[in-house]
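Have a look at the structure below, then the notes.
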Amino acid sequence: MSTLKWTNKDFNVFQINGLEQRMDALNSCVRPKFNKLGENFSAFFSSHLGEEFYPHVAKHARRTVNPPNDSWVAFAPYKRGYKALPHFQIGLWSTHLFIVLAIIYEAPQKNLMAERLLANKSLLQQLPEDFIVSGDHMSPAAISLQDAKEEKLEEMLIRLRDVKKGEFLIGRHIPKEEAVNMSFKQFQQLSEDTFQTLLPIYKIIQGK
């Protein structure tokens, strides 16, 4: 993959007013980078998980008024979509970059996925201390895994299991200030390290 570097311009896209104007900036500035990441990391997941993975770059096609506050490329073993499956993501909010494994509310078997994670909670607790967890993919907020390890982690997994809108995201958030100072090589290595660490969790979610 050719050199890819995040810039302030990428993050500042989400400060642009107006749906059309923000989408134009997203399409010209950020989406080409997601397309490149899609090619690279779909091959990474296909190689490591033994099945074909496909990239899904956010199109925000259903929006008619409000411009998007974040954007991403997702990876899943289904060509036509990813939301109903556990999936990996690389994406941006105005404040940070995210590299995560996600189960969102559209997943019809998320109660079963949550049960598998609850049964293997100790493995989640052993993940790196700089990992974060979130219960809402529509919000930039997250809490550190370190802080969640006691009661909060189990609470989030129970909510994933029992509440229709329950979600679970785990991975890393990289503040904008750090992301724009990372070289391509540093970013690629961090992404690969994060995903490598999450692969066993993905397998647990899938019952493998």
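Counted from 1, the sequence shown has number 94 at position 82 by the working numbering; the numbering is strictly sequential.
C-beta: ideal position from N, C-alpha, C; glycine also.
What you are looking at is a predicted structure, and each value in this text was computed from that prediction instead of being measured.
Nearest-angstrom Cα separation, counted from residue j out to residue i
i, j, result
"Phe23", "Gln201", "21 angstroms"
"Ala70", "His149", "13 angstroms"
"Ser54", "Lys17", "19 angstroms"
"Asn193", "Ala160", "29 angstroms"
"Ala114", "Gln101", "7 angstroms"
"Phe87", "Glu163", "30 angstroms"
"Val34", "Val145", "Residue 34 is actually Arg in this sequence, not Val. Taking the straight line from one Cα to the other gives about 28 angstroms."
"Leu172", "His185", "21 angstroms"
"Ile111", "Gly30", "27 angstroms"
"Thr76", "Gly219", "39 angstroms"
"Gln121", "Gly147", "16 angstroms"
"Lys215", "His72", "29 angstroms"
"Glu141", "Cys41", "32 angstroms"
"Asp36", "Arg74", "15 angstroms"
"Arg43", "Asp205", "23 angstroms"
Test item: CB-CB of residue i and residue j under 8 angstroms
i, j, result
"Glu166", "Leu130", "yes"
"Ile213", "Ile182", "yes"
"His5", "Leu211", "Any answer about residue 5 is impossible in this case: the structure gives the chain only from 13 up to 220."
"Ser83", "Gly103", "yes"
"Phe26", "Asn81", "yes"
"Phe157", "Leu139", "According to the sequence provided, residue 157 is Leu. The question's Phe does not apply to it. Going by C-beta atoms, Leu157 is nearer than 8 angstroms to Leu139."
Neighbourhood of residue i by C-beta, 8 angstroms cutoff - its chain only, sequence neighbours within 5 removed
i, result
"Leu169", "Ala126, Leu129, Leu130, Lys133, Phe180"
"Thr107", "Phe23, Pro152, Pro187, Lys188"
"Ala191", "Trp18, Phe23, His108, Leu109, Phe199"
"Ile28", "Arg34, Ala37, Pro79"
"Gly50", "Pro67, His68, Val69, Val85, Phe87"
"Ser195", "Lys17"
"Gly93", "His68"
Given residue i as reference, the closest of the options once Cα atoms are compared
i, options, result
"Asn52", "Tyr66, Arg173, Asn193, Asn39", "Tyr66"
"Pro89", "Ala37, Leu97, Leu135", "Leu97"
"Phe143", "Ile28, Lys122, Asn78, Ser203", "Ser203"
"Asn47", "Gly30, Ala73, Phe56, His68", "His68"
"Lys45", "Leu31, Lys21, Glu32", "Lys21"
"Asn39", "Val85, Pro140, Gln138, Ser58", "Val85"
"Asp174", "Ala73, Gln158, Leu124", "Leu124"
"Ala154", "Asp205, Lys177, Trp105, Glu118", "Trp105"
"Gln208", "Phe56, Arg74, Glu32", "Phe56"
"Glu118", "Lys176, Arg74, Gln137", "Lys176"
Close beta carbons around residue i, own chain, < 6 angstroms, minus the five adjacent residues each side
i, result
"Lys91", "Tyr66"
"Gln137", "Lys161"
Own chain, CB closer than 7 angstroms to residue i, minus 5 neighbours either side, in chain order
i, result
"Ile116", "Lys95, His149, Glu179"
"Lys197", "none"
"Glu64", "Ser58, Pro89"
"Glu32", "none"
Continuous beta strand (DSSP E) assignments of at least 3 residues falling wholly in the stretch 73-116: 82-88, 99-105, 108-115
Just list the alpha helix (DSSP H) runs in the stretch 123-174, keeping only unbroken ones of 4 residues or longer that don't cross its boundaries, in chain order. 133-137, 157-160, 163-174
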